[in-house]
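Working notes, beginning with the structure itself.
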Amino acid sequence: MGCWYSRIDREESVSRCKARKRYIKELVIARQALSASHSMYLRSLRGTGSALVQFSSNETTLHRPPPVPAPPPPPPPQQPPMSPGSDTWTSGTTTTASPALPPPPPPPPSSSWDFWDPFAQAATTASRSVTEEEWEAATSTSETAVTAVTGAANAAAPPSSGSELAMVVCRNSKELVEIVKEVDEYFLKAADAGSHLALLLEASNPNLSGKGYNNYACNLTPTTWTWNWNPKIVENTIVGHTGNTSHCSTIERLYAWEKKLYQEVKNAEAIKIEHEKKGAHMRKLEVKRAEYMKTEKTKKEVEKLESQMMVASQAIETTSAEIIKLRESELYPQLLELVKGLMCMWRSMYEIHQVHTHIVQQLKYLNFIPSNEPTSEIHRQSTLQLELEVQQWHLSFCNLVKAQRDYIQSLAGWLRLSLFQFSKNLLLRNSQESKIYSFCEEWHLAVDRIPDKVASEGIKSFLTVIHAIVVQQAEEYKQKKKADSAFKDFEKKAAELRSLESKYSPFSVPETNKDPIAVKKTKVDLSRAKAEEEKSKHEKSVSLTRAMTLNNLQMGFPHVFQAMVGFSSVCMQAFESVYNQAKSIEQEHDVKRILP
Numbered sequence: 001m002g003c004w005y006s007r008i009d010r011e012e013s014v015s016r017c018k019a020r021k022r023y024i025k026e027l028v029i030a031r032q033a034l035s036a037s038h039s040m041y042l043r044s045l046r047g048t049g050s051a052l053v054q055f056s057s058n059e060t061t062l063h064r065p066p067p068v069p070a071p072p073p074p075p076p077p078q079q080p081p082m083s084p085g086s087d088t089w090t091s092g093t094t095t096t097a098s099p100a101l102p103p104p105p106p107p108p109p110s111s112s113w114d115f116w117d118p119f120a121q122a123a124t125t126a127s128r129s130v131t132e133e134e135w136e137a138a139t140s141t142s143e144t145a146v147t148a149v150t151g152a153a154n155a156a157a158p159p160s161s162g163s164e165l166a167m168v169v170c171r172n173s174k175e176l177v178e179i180v181k182e183v184d185e186y187f188l189k190a191a192d193a194g195s196h197l198a199l200l201l202e203a204s205n206p207n208l209s210g211k212g213y214n215n216y217a218c219n220l221t222p223t224t225w226t227w228n229w230n231p232k233i234v235e236n237t238i239v240g241h242t243g244n245t246s247h248c249s250t251i252e253r254l255y256a257w258e259k260k261l262y263q264e265v266k267n268a269e270a271i272k273i274e275h276e277k278k279g280a281h282m283r284k285l286e287v288k289r290a291e292y293m294k295t296e297k298t299k300k301e302v303e304k305l306e307s308q309m310m311v312a313s314q315a316i317e318t319t320s321a322e323i324i325k326l327r328e329s330e331l332y333p334q335l336l337e338l339v340k341g342l343m344c345m346w347r348s349m350y351e352i353h354q355v356h357t358h359i360v361q362q363l364k365y366l367n368f369i370p371s372n373e374p375t376s377e378i379h380r381q382s383t384l385q386l387e388l389e390v391q392q393w394h395l396s397f398c399n400l401v402k403a404q405r406d407y408i409q410s411l412a413g414w415l416r417l418s419l420f421q422f423s424k425n426l427l428l429r430n431s432q433e434s435k436i437y438s439f440c441e442e443w444h445l446a447v448d449r450i451p452d453k454v455a456s457e458g459i460k461s462f463l464t465v466i467h468a469i470v471v472q473q474a475e476e477y478k479q480k481k482k483a484d485s486a487f488k489d490f491e492k493k494a495a496e497l498r499s500l501e502s503k504y505s506p507f508s509v510p511e512t513n514k515d516p517i518a519v520k521k522t523k524v525d526l527s528r529a530k531a532e533e534e535k536s537k538h539e540k541s542v543s544l545t546r547a548m549t550l551n552n553l554q555m556g557f558p559h560v561f562q563a564m565v566g567f568s569s570v571c572m573q574a575f576e577s578v579y580n581q582a583k584s585i586e587q588e589h590d591v592k593r594i595l596p
């Protein structure tokens with residue numbers, strides 16, 4: 001029996017149907033993966049934006065200087081009395097208002113380190129001197145920076161289009177939190193841009209819960225792109241082309257029909273093999289002139305098998321017709337909608353990431369004074385959360401690209417095997433079947449050519465700079481623990497010294513070779529020096545964390561968004577080409593059908 005079934009499976013028609021069934025099963029799984037990865041990508045965009053806002057809100061040490069108050073008006077000068085017969089005051093002293101000066105820098109933050117240190121006042125004075133220098137440098141360049149950011153904004157503005165996302169207004173004074181909130185706003189717009197495609201893929205989407213959710217519907221004309229915020233349009237787009245059936249349902253029904261076809265072809269092949277055996281046996285009986293009854297019995301068995309073969313062939317034709325009907329009336333329009341959705345989504349992403357790039361350019365013009373505020377535990381946690389969200393962004397991006405490639409690969413593989421196998425209508429094979437085949441082949445080639453590595457590495461590089469901040473914050477925390485420990489050790493030894501001094505009066509020191517108070521003072525001095533050293537290291541670590549944070553954001557933000565702009569642009573053009581080519585072929589077929 002095993003050999004017999006093995007022989008059936010080796011038959012071309014059976015092995016072909018088995019491969020078709022395998023491809024369509026892979027397509028069912030790939031659609032689920034594409035739906036899930038699309039949903040996760042939209043979630044990761046929202047999560048990254050939200051984590052950035054939380055992170056920047058806690059990074060309170062990066063800020064613009066406080067606004068310079070206007071100088072108070074000078075007191076009116078003492079005027080002499082009016083001269084008799086004159087309606088004017090006699091000339092007095094002319095007062096000239098001096099130019100506005102920046103306020104003095106804020107005092108350094110209070111520190112728990114002001115202990116028993118005769119040099120504390122000198123250190124504070126020196127510290128304030130360096131703060132003052134940075135203040136003067138910052139205030140002297142503020143006007144130049146404002147002018148520069150305006151010029152850069154104009155130069156980097158994205159090209160004008162019909163989209164509301166084409167321009168972003170650059171205010172002259174923004175803090176880090178304000179800039180990041182704008183970044184988050186466009187992360188949310190990017191996630192919303194995928195809502196229409198999420199509907200087509202039946203992906204779970206936080207924004208699609210309940211009524212009144214916003215979706216993008218893309219109206220295409222040769223020169224303009226417009227976006228409508230109307231759920232009705234989205235519903236009409238889906239239902240109008242697919243006959244109120246979902247893509248998921250269509251593929252699952254195709255899989256059910258393919259399983260049925262596989263069984264029918266196997267059954268037909270088994271009948272065919274049995275027919276061949278019985279026919280050969282009948283011919284042997286006829287050659288040997290065997291008994292009439294025996295020959296007639298075999299002949300009837302052959303005729304019965306021939307009848308079964310005819311029924312099996314008709315079943316195969318019926319099942320094949322159902323598959324073709326599903327493929328042409330439901331699947332092909334749905335695939336067109338998917339490509340159109342991909343094209344619209346990446347067009348929107350392209351514009352949004354252009355705006356992102358424009359927004360983050362303002363980071364280099366931040367006018368701020370770094371302070372010595374250490375990183376709080378809340379801020380450390382928000383940085384770890386940001387790292388986690390960017391990791392998820394990178395992972396979901398890679399999964400999205402892979403899922404799309406798996407999807408179109410399974411679809412193209414199924415089409416290559418399913419076309420022309422059982423159809424007897426040459427006209428049908430030359431029009432409808434070649435139309436969906438060429439469409440999916442173009443789609444397959446377009447996806448393979450998309451350079452996702454650049455975008456993936458762009459997100460990964462951003463993750464690297466965030467991780468560097470996490471590591472530095474951990475180092476700062478570690479150094480803080482050392483400094484706290486050294487300070488506690490110093491306080492302990494200082495308390496012991498005070499206790500010892502109170503125990504012995506100046507004239508009651510025991511007569512020994514070593515003065516215990518002098519020995520203890522030496523230990524206290526060493527402990528104080530150690531505490532000062534660890535304090536200095538901690539302050540340097542805090543300053544390094546603050547500087548690294550801004551530098552890493554200034555470096556990482558533009559790189560990741562430029563990479564995403566490039567990727568989005570290529571995707572937009574690739575899907576636009578596939579979609580337009582398919583529509584062009586459809587129009588050619590329509591014209592041929594109209595012409596006599």
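In terms of UniProt numbering, the sequence shown has 296 at position 296, counting the first letter as 1, and numbering is strictly consecutive. Don't be surprised by glycine CBs; every beta carbon is placed ideally from N, CA and C. Since this is a predicted model, take the numbers as computed values, not measurements.
Taking a contact as a CB-CB distance under 8 Å, the pair Q554 and L386 does not count as one, their CB atoms being some 16 Å apart. The DSSP-derived three-state label of G194 is coil. Here M310 is exposed: its Cβ has fewer than 16 other Cβ atoms, across all protein chains shown, within 10 Å.
Burial is judged here by how many other beta carbons sit within 10 angstroms of a residue's own beta carbon; T545 has at least 16 and is buried. With contacts defined by Cβ atoms closer than 8 Å, M548 and H353 do not form a contacting pair. CA-to-CA, the gap between K537 and L52 works out to about 29 Å. With respect to the 8 Å criterion, R380 and Y262 are not classified as neighbours on the basis of their beta carbons. In the structure shown, L363 adopts helical secondary structure according to DSSP, grouped into three states.
With fewer than 16 neighbouring CB atoms inside 10 Å of its own CB, I29 falls in the exposed class. DSSP, read as helix, strand or coil, puts N267 in helix. In the DSSP assignment, N399 falls within the alpha helix (DSSP H) that extends over E377 to S418. Membership of A455 in the alpha helix (DSSP H) is indicated by the continuous run D452 to K503.
When G413, T295 and S541 are compared, the shortest CA-CA separation from E373 is found for S541. Between the C-alpha atoms of D192 and L42 there is a straight-line separation of about 8 Å. For A446, the uninterrupted alpha helix (DSSP H) segment begins and ends at S434 to R449.
If you draw a straight line from the Cα of S569 to the Cα of V578, it is about 14 Å long.
If you compare the alpha carbons of E59, G413 and R449 with that of R16, the shortest gap goes to G413. Following the DSSP letters along the chain, one finds L331 in no alpha helix (DSSP H), marked with neither H nor E. Between the alpha carbons of V339 and I378 lies a distance of about 44 Å. Cα atoms of A312 and V265: separation of roughly 8 Å, rounded to the nearest angstrom. The beta carbon of A270 sits closer than 7 Å to those of I8, all from its chain and outside the five residues before and after it, given in chain order.
Going by beta carbons, V302 and K284 fall outside the 8 Å limit.
The beta carbon of F187 sits closer than 7 Å to those of L45, R46, T48 and G49, all from its chain and outside the five residues before and after it, given in chain order. A distance below 8 Å separates the beta carbons of L201 and H38.
Rounded to whole angstroms, the Cβ separation of H196 and C344 is 7 Å, and the two are in contact under 8 Å. Rounded to whole angstroms, K480 and L497 show a C-alpha spacing of 26 Å. The three-state secondary structure of T545, taken from DSSP, is helix.
Every unbroken stretch of the alpha helix (DSSP H) spanning 4 or more residues and falling wholly within the region 277-337 is given here in chain order: 292-326. Put simply, the backbone Cα of F575 is about 16 Å away from that of Q409. Distance from the CA of L388 to the CA of K535, rounded to the nearest whole angstrom, comes to 31 Å. Note that the C-beta distance between D452 and F567 is below 8 Å. S502 sits exposed, since fewer than 16 C-beta atoms from the chains shown fall within 10 Å of its C-beta.
Excluding five sequence positions before and after I323, the CB atoms of its chain that fall closer than 8 Å to its own CB belong to L254, W257, E258, L261 and S418, given in chain order.
Minimum Cα-Cα distance from I359 among the listed residues Y437, E185, Q473 and E11 corresponds to E185. For the pair A36 and A203, the CB atoms are nearer than the 8 Å cut-off.
Non-local beta-carbon contacts of V401 in its own chain, meaning distances under 8 Å to residues more than five positions away in sequence, involve I450, D452 and S456 in chain order.
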